[in-house]
Structures are given as C-alpha cells and as structure tokens.
Amino acid sequence: FGAVGFLLLVGCLNVANLLLAQGAARQRELAIRVALGATRTQLITQFLFETLLLSVVGGVLGILLAQWTLVALLKLAPIDLRNIGEISLNLPVLSFALGISLITAVGLGLFSALRAVSVEAKSGLTDAGRSQFGSVRNQRLGRAIVVAQLAITLTLLSGAGLLGRSLLRVLSVDPGFRTEHVLTMHLSIPYDPDDKDKLHRARFLTELLSQIRAIPGVADVGGTGRLPLASRFSPDGWYVVLNPSQQPPPTLDDWERFFHASLNTGYAAYCPASDGYFRTLGIPLLQGRLFEERDTMEAPHVALISESLAREKWPNQNPLGHAIEFGNMDGDLRPLTVVGVVGDIRAASLEAAPQPTIYVSYRQRPQGAHDFTTVIHSAGDPAMIISSAREIVRKLDPTVPPEFGTFVGVVSASLQARRFNLILVGFFATAALLLAVVGLYGVMAYSVTRRTVEIGVRIALGATQAKILSLVLAQGTRVVVAGIVIGVIGSFAITRAIRSLLFGVSPTDPLTFITVALLLVAVALLACWFPARRAAKVDPMVALRYE
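For reference, each letter of the sequence shown is one residue, going 657 to 1203 in this note's numbering.
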C-alpha cells in the first residue's frame, strides 16, 4: 500500500508540474480574457473543467490498464496468498479509483488555476507570460517538485534493491539437503486410526519404495510425511526427555502432567520418514544409525534427532540411547530411543534457522504418514521416471492419485511470496522512475526554451557549446543531488518498515543505497543531457529573435 501511495504522489507531482507549465504558456490568453472582462471565477472554472475532463479520461484508461495488469498479478501471486482469488475490479475498487482521480484533479487543477490567474492583465499582455514561469518563484517551485519526485523514487528503488539483495541472499543459503535431480511424488492416503489400517499403510509404503528403487535410473529413494519447504514444518509438538530414575512416563490420560513436563524441555518438529529419505536428500548421518527394516511397529520405537536438538539437550554428551517422548501429533506416547543424529536442515523456509526435529520411522508410526511424499534421486532427468512411478502406484492402489514435481520446483515455490513482493515493489519503483525522469526532462526542456534568448546572448558573446552544455547540466545536477540527498535521508527511516521482509540485509545497507543512487544519477543526467545538447546547438541569430 505504501508503494502505491508513493507512486500516486509521484504521478500527482508530475501532473502538477505539467499544469504549471501549461498555465504559464497560457498567460497571454488569460490576460486577454481578463482584459475583455472575464472574472477569475470563470477562468478557474474553465481550468477545473479541463483538468476534470483529463482526469476522467486518464482514470478510464487506468482502469483498463489495471484490468490487464490484474491478470498478470494473479498469475504471479503465491498460491497460498490469503484471499488472492477474491481480488477483482469490483464496484468499490472502481469507485475508489475514480474518486482518487477526481480528488487529485480538483486539487491539482485548483492549485494550477490559482497560480495561472494570479497575474495582472497588463503584466500578462506585456510579458507574453514569458517572465511568469521564468520568475524565480516559479522556477524554484518547478525544481522543488522534481526534487520531491526524485526523493520518492529513490525510496522506492531502495526498497526494491533491498528486497532484491534479500532474495539473492536466500538463494545462496545452503538448505542442508540435495535439491538437484530429485523428483517428488505426493500421495494423499485416506486416514483411518484403526491399527489394521496403520499396518496396511506401512506395508503399502514399504512396497512402494521398494518397487520405485528398482526403476532404471533411480539412484536412491525415500519418503517422508513432511516434505521440507513444502509442508507446515515447524515446532508444533511437545517432547519430553525421559530419565529412567524419574517417575514413570505419562499416559494418554495424563496430558496435564505431560504438558507441564514439556514446558521444561521444549518443542520440536515431528517428521515421519524412511531410511532412504536421508540418503536421497544427502542429509548426513552424524552419529549412530539410520532407520532399518527391523524398526517395525512391534519393535522398540526409535528416533533420529537433528543436530540442533542433540546440541540443545545433550551438550557435550552422547545422545544415543537416551529416551524421549513426543506428543500432540500422533497420540502415541510410547518412549522413543535415540539411535542416530542427522544434520540440520532448513525445513520450514530457507530464511528460518533449522528447528529441533524428531524423526520417527513411518513403519513404527504410519499414522503420521497419511500425507506421504516420495523423494526420488535420479541419475539423469527426473521427468523420465514419472511414467514408471505412476504405473507402480496405480498397480498398488488405484485410489491414490500421485502428484509429481521436482525439488527445484519446491524450492522455487517456497520463494514465490518473496519474489512476488520484489516484483510489486520493483514495478512501482520502475514506474516512479519513469515518471520522475519524464518530469525532470520536461522541466529542463521548458527551462531551456524559456532561456533561449539568454543562451543566444551567451553564445553571441563567445560562450562555447561545452560551456552551454555544462551550464544546463549543472542546473539539472543540482536538482538531482538535492533529490538524492533528501531521498536517502527519507529512505533510512522508511525502509525500516520492510525490515520483516529482509533477509541477511540491513534496512540501511550502504551498498544498496549507493547502487540505487548511482542508477538514479545516471538516468536523471541522461534526461538532462538531451535538453542541454539542444541548448548547446542553438543558433544565436535565431535565439535573439525568439519570442
């Protein structure tokens, strides 16, 4: 919303400058009307009517453009963005857009009209309106408007630059697992808490993984109930570190005691997985062993824990052999014996630090694997395995439709919201830059036009083209520098509002501000170059006769 407001302000300032220039150019016409008896009220009414007409036409064209951009916006928006499907150009939106157009038109039209009709008729007729815009007060006002445009543009560009650098930082993060040449196959298995169903699910998944492993080109295969970066992978369950010398572990009917015990230990993410899951994704085994075929529902329940959990609960100790309990996820409070420690991964998001995680075998606790994702590491193109894997699932259970993807796609989807924010702010910043450059070009071009006689005199007195060129560029440079200085000061305060969207970058990152400032200087000076070049090529004889 802030970016939209800034863009609207830049557009309003641009229109204000254009209306001021138009009013100055019509000084002779207005002076004649006043001399013939027209009142200021009549002149102001005419200005307002013309401005309103332009605003209505511009508003209608803007709505048509918005309808086109909305389609692109919805395609770029993250799928999980709340209420994204409800966005449309409905009556309230259209009313708001037209209302803003009318309010802006009335405000800017009234402002420019009052300035345009403030000149006496005699002054307007004798000076032909040339001195009015050329007056010191009006020149300062025009330059001040451009300075404000450049300052606002710098703020938007800085925000886009910070978001862009954050995205680059996120992309450089090591997630702790393999993403290349990994195919994902998601299965939604009907959930039934019945023990027979649990056993059937465990056998189904075991046979599925075994047959997929036999497909030519498959290097390894594994499965998980919570795919990193794709599931709600967050600390959402209690765990209790058990000590044999303490009282017996709580039962299902003793949740209150379990809860109070968990307050002294903490929370952990819960992830059902197969033994091949860690090999397939390249998650290193740091201590102990992985899950094995002997880890069945009848065998003692075991767990793997992440390095962060081991470091947190057993600093400078060997966690293997310790017992823990996990609740609030599958309702099974049987103790889990730690048999291995694996490396940390960034499972919730690439921006978030690795969470303490407890991995359980899907064979022992299949109730947590009704949403099961198979990960397949292929030696070549993962897409070549899809048809074979789909056929295997169809033969095992035709009621379970598989959904295929790649882990590269999973990573890309996890960054969709961040890219969407960058695209939005970048679009508004680019639009503001174009408006500011057009405004600067207009002011400089009009200034050169009003100073044609002065430039002709300077050339007649011996000024070189280089001197004239530097004279005009110096005027534009002062405006640009003022806008950048004010913009940097304002950006330091405003960019703090997007701190929560940044990753690995400070809201006052000097490299971003220097880069953005240099970009704005280059583009702005390019806009000043063309009027300056035209001024340097003025024919002094033509200039001296210019009216």
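The beta carbon of each residue, even a glycine, is placed where N, CA and C say it ideally should be.
| Item | Value |
| --- | --- |
| Cα-Cα separation between HIS837 and LEU883, rounded to whole angstroms | 16 Å |
| Cβ contact (3+ pairs, closer than 8 Å) linking the segment 746–765 and the segment 1100–1116 | no |
| Test item: CB-CB of PRO1163 and THR1151 under 7 Å | yes |
| Alpha-carbon spacing of ARG1190 relative to GLN1131, whole angstroms | 15 Å |
| Rounded C-alpha distance that separates GLY879 from ARG1019 | 11 Å |
| Cβ neighbours of VAL1067 in the same chain (closer than 8 Å, five flanking residues each side left out) | PRO831, THR835, LEU885, LEU1006 |
| Reduced DSSP category for ASP1027 - H, G, I as helix; E, B as strand; rest coil | strand |
| PHE662 (DSSP reduced to helix, strand or coil) | helix |
| Contacting residues, own chain, Cβ-Cβ under 7 Å from TYR933 (five flanking each side not counted) | GLY878, GLY879, THR880, VAL1031 |
| ALA1085 vs LEU813 beta-carbon contact at 7 Å | yes |
| C-alpha gap between PRO1010 and VAL829, whole angstroms | 12 Å |
| Own chain, CB closer than 7 Å to GLY790, minus 5 neighbours either side, in chain order | Residue placement at GLY790 cannot be trusted, given a pLDDT of 46 that sits under 50; what the coordinates show is reported in the next sentence. The answer, listed in chain order, is ARG1106. |
| Cβ distance (whole Å) where ALA1173 is taken to contact VAL1128 below 8 Å | Their Cβ separation, rounded to whole angstroms, is 22 Å, which puts ALA1173 and VAL1128 out of contact at 8 Å. |
| Start and end residues, beta strand (DSSP E) containing SER962 | 958–962 |
| Environment of GLY873 [buried if 16+ CB atoms lie within 10 Å] | exposed |
| Short Cβ contact (7 Å threshold) for VAL958 with LEU976 | no |
| Check whether ALA966 and VAL997 have beta carbons under 7 Å apart | yes |
| Residues near ASP1183 by beta carbon distance below 6 Å, same chain, minus five either side | It should be pointed out that residue 1183 corresponds to Ala in this sequence rather than to Asp. Correct list, in chain order: VAL1093, LEU1096, TYR1097. |
| Simplified DSSP state of VAL716, which is helix, strand or coil | helix |
| Extent of the continuous alpha helix (DSSP H) to which THR695 belongs | THR695 -> no alpha helix (DSSP H), and no H or E assigned at all. |
| Proximity below 7 Å, CB of GLN723 to CB of LEU745 | yes |
| Presumed contact (8 Å Cβ cut-off) between SER757 and GLY798, rounded CB distance | Their Cβ separation, rounded to whole angstroms, is 23 Å, which puts SER757 and GLY798 out of contact at 8 Å. |
| Residue burial classification, PRO748 (beta-carbon count within 10 angstroms, cutoff 16) | exposed |
| Residue environment, LEU1176, which counts as buried when at least 16 other CB atoms sit within 10 Å | buried |
| GLN1072 - containing alpha helix (DSSP H), residue span | 1072–1106 |
| Helix, strand or coil at VAL1016 [DSSP, three-state] | strand |
| Residue burial classification, ASP1037 (beta-carbon count within 10 angstroms, cutoff 16) | exposed |
| Start and end residues, alpha helix (DSSP H) containing GLN1131 | 1121–1150 |
| Three-state secondary structure assigned by DSSP to PHE1159 | coil |
| Between the CA atoms of ALA979 and SER901 - distance to the nearest angstrom | The predicted position of SER901 is uncertain, since its pLDDT is 42 and thus under 50; a value taken from the coordinates is nonetheless stated next. Their backbone Cα atoms lie some 12 Å apart in a straight line. |
| Residue from ALA1003, ARG859, THR1171 with nearest C-alpha to MET953 | ARG859 |
| Three-state secondary structure (DSSP) of GLN1064 | Looking at the sequence shown, residue 1064 is not Gln but Val. VAL1064 falls in the helix class under three-state DSSP. |
| LEU692, buried or exposed, once every other Cβ within 10 Å from all chains shown has been counted against 16 | exposed |
| Range covered by the beta strand (DSSP E) that runs through GLY1248 | The structure shown has nothing for residue 1248, since the chain only spans 657 to 1203. |
| CA nearest to the CA of ALA672, picked from ALA804, THR725, ASP1053, PRO846 | ALA804 |
| Proximity below 7 Å, CB of ILE845 to CB of VAL1056 | yes |
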